[in-house]
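Trainee:
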Amino acid sequence: MRIRTTGLSKTYDRKNKALEDLSIDLNMNGIFSIIGRNGAGKTTFVRILSTELLPTSGKGYINDADVVEQAESVRREIAVVPQEARPLPWLTPLQTVSSYLMWRGYSYREANEKGKEALRELGLEGKEGEKSRKLSGGQKRKLMVATVISSEAPVVFLDEPTTGLDYLSRKELWQLLSKMKRDRLIILTTHYLEEAEILGDQIMILDKGKLVDIGGIEDLRSKVKLPYVLKVYSENFKISEDEVQVHPVSEKETFVYGSAAKIYGLVPYLVTNKMKFTVEEASLTSIFEQYLGNEEEEKENEEKNW
Ligand SMILES: Nc1ncnc2c1ncn2[C@@H]1O[C@H](COP(=O)(O)OP(=O)(O)O)[C@@H](O)[C@H]1O
Ligand SMILES: [Mg+2]
30 MRIRTTGLSK TYDRKNKALE DLSIDLNMNG IFSIIGRNGA GKTTFVRILS
80 TELLPTSGKG YINDADVVEQ AESVRREIAV VPQEARPLPW LTPLQTVSSY
130 LMWRGYSYRE ANEKGKEALR ELGLEGKEGE KSRKLSGGQK RKLMVATVIS
180 SEAPVVFLDE PTTGLDYLSR KELWQLLSKM KRDRLIILTT HYLEEAEILG
230 DQIMILDKGK LVDIGGIEDL RSKVKLPYVL KVYSENFKIS EDEVQVHPVS
280 EKETFVYGSA AKIYGLVPYL VTNKMKFTVE EASLTSIFEQ YLGNEEEEKE
330 NEEKNW
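If you're matching positions, the sequence shown starts at 30 in this note's numbering and goes up one per residue.
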């Protein structure tokens with residue numbers, strides 16, 4: 030599957046630049062994760078590429094079909110769960126999935142069979158006959174995902190499908206997505222960086238409508254200054270090194286971010302002093318902060334500059 034944009038831009042109300050000159054080209058199956066703060070342009074990107082919204086300028090393509098000029102053929106290839114989408118409360122889960130499938134061209138029988146299968150995979154089989162209004166928030170969200178996944182559309186857009194879900198429900202959805210990603214391209218926006226790190230085969234960072242970077246987690250990590258983190262569990266640990274960033278977590282716990290050379294250079298000292306420690310690669314959260322700067326720190330600096 031291929032997703033491509035050239036100079037894609039969207040300006041709302043002639044002044045709000047929600048997307049600015051975005052050019053990307055991915056030829057892949059798996060999960061393409063889009064991260065960014067609120068207002069970064071994630072939903073705008075999803076809506077344009079899923080033919081729901083016209084760009085102000087630039088082009089977007091799904092499998093080489095233009096999302097504006099060839100919207101009809103793009104729509105046959107894609108399935109979408111918009112942000113905030115919820116099932117109709119008066120339909121049962123099975124009716125929800127099967128009516129969607131019939132609308133996509135499956136026969137009544139096929140739609141029912143596939144619908145049941147999808148609900149089983151999501152652990153919703155016991156809820157088949159209940160009205161959707163009786164489902165929990167997590168179950169409703171799973172149902173929306175089940176609906177598009179069951180369609181066998183090769184390109185699936187999920188706009189923040191896990192926002193607000195409890196940890197367990199999120200993990201269940203992650204498992205489903207990992208299983209379903211093999212022969213398709215799943216475009217997943219999220220503001221849980223942990224989720225993007227676990228699921229994203231490719232990760233795009235957007236900020237204020239602009240592309241910050243795009244790549245696999247290893248590519249992104251290789252571009253930041255502090256790709257390693259040393260976690261030291263000792264009250265006696267003190268450090269005065271440049272080129273590292275020290276974050277005291279608690280009295281007994283300190284995190285030190287730095288390059289491989291700097292971090293491993295500290296290890297002999299820790300071993301000699303019998304301090305407990307681990308060395309890990311920086312998480313996507315830390316990478317994201319290094320790319321964009323910690324917003325709190327940014328605000329503080331702004332205040333200092335006054
Ligand atoms: N329909 C709209 N009309 C006007 N402005 C909008 C509309 N949708 C989004 N925006 C603005 O565009 C920017 C990007 O929004 P959005 O794409 O929803 O970002 P995200 O999904 O990353 O939170 C924000 O500043 C938002 O306020
Ligand atoms: Mg959004």
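All C-beta atoms, glycine included, are put in the ideal place defined by N, C-alpha and C.
Values in this document were obtained by computation on a predicted structure and should not be read as measured data.
In the DSSP assignment, find the unbroken beta strand (DSSP E) run with K305 in it and report its ends.
Mentor: K305 to E310
Trainee: In terms of alpha-carbon separation, which member of V285, I60, E318 and I316 lies closest to K306?
Mentor: The amino acid occupying residue 306 in the given sequence is Phe; Lys does not appear at that position. Comparing Cα-Cα distances from F306 to each of V285, I60, E318 and I316, the minimum goes to V285.
Trainee: Along the chain, which unbroken stretches of the beta strand (DSSP E) at least 3 residues long are found entirely within the segment 85-141?
Mentor: Qualifying beta strand (DSSP E) stretches, in chain order: 86-91 and 107-110.
Trainee: From this set, D42, M30, D50 and I32, which residue's C-alpha is nearest D236's C-alpha?
Mentor: Per the Cα distances, D50.
Trainee: Got a sec? Which residues, its chain only, sit under 8 Å from E280 by beta carbon, not counting five neighbours each side?
Mentor: E264
Trainee: Closer than 7 Å by C-beta to A108: which residues in its own chain qualify, once you throw out the five before and the five after it? Chain order, please.
Mentor: V177, S180, A182 and V185
Trainee: Looking at A69 and ligand 1, is the gap between the Cβ and the nearest heavy atom below 7 Å?
Mentor: yes
Trainee: Quick one: is A47 buried, meaning 16 or more other Cβ sit within 10 Å of its Cβ, or exposed?
Mentor: buried
Trainee: At what residue ranges does the segment 248-290 contain a whole run of the beta strand (DSSP E), taking only runs of 3 or more?
Mentor: Restricting attention to beta strand (DSSP E) runs no shorter than 3 residues, the segment 248-290 encloses them at 257-262, 274-279 and 282-287, ordered along the chain.
Trainee: Could you spell out where the alpha helix (DSSP H) holding T320 opens and where it closes?
Mentor: Checking the sequence shown, residue 320 turns out to be Tyr, not Thr. Y320 -> alpha helix (DSSP H) spans L313 to L321.
Trainee: Compute the minimum distance between the beta carbon of D188 and the heavy atoms of ligand 2, and state whether it is under 7 Å.
Mentor: yes
Trainee: Please classify E49: does DSSP put it in a helix, a strand, or coil?
Mentor: strand
Trainee: Which same chain residues end up closer than 8 Å to W335 when comparing Cβ atoms and leaving out the 5 residues on each side of it in sequence?
Mentor: Its pLDDT being 46, under 50, W335 is placed unreliably in this model, and the value from its coordinates should be taken loosely. Once the five neighbours on either side are set aside, W335 has no close Cβ partner at all.
Trainee: Based on DSSP bridge pairs, tell me the residues matched to L214.
Mentor: G59 and V184
Trainee: Between which two residues does the beta strand (DSSP E) holding S38 run?
Mentor: Its beta strand (DSSP E) spans residues R31 to Y41.
Trainee: Just reading off the alpha helix (DSSP H) that K156 is part of, what are its end residues?
Mentor: No alpha helix (DSSP H) holds K156; DSSP gives it neither H nor E.
Trainee: Is it a yes or a no for the segment 309-321 touching the segment 250-267, going by three-plus beta-carbon pairs under 8 Å?
Mentor: yes
Trainee: Can the beta-carbon of E224 be found closer than 8 Å to that of G152?
Mentor: Cβ atoms of E224 and G152: not closer than 8 Å.
Trainee: State the Cα-Cα distance for the pair L217 and G65, rounded to the nearest angstrom.
Mentor: 12 Å
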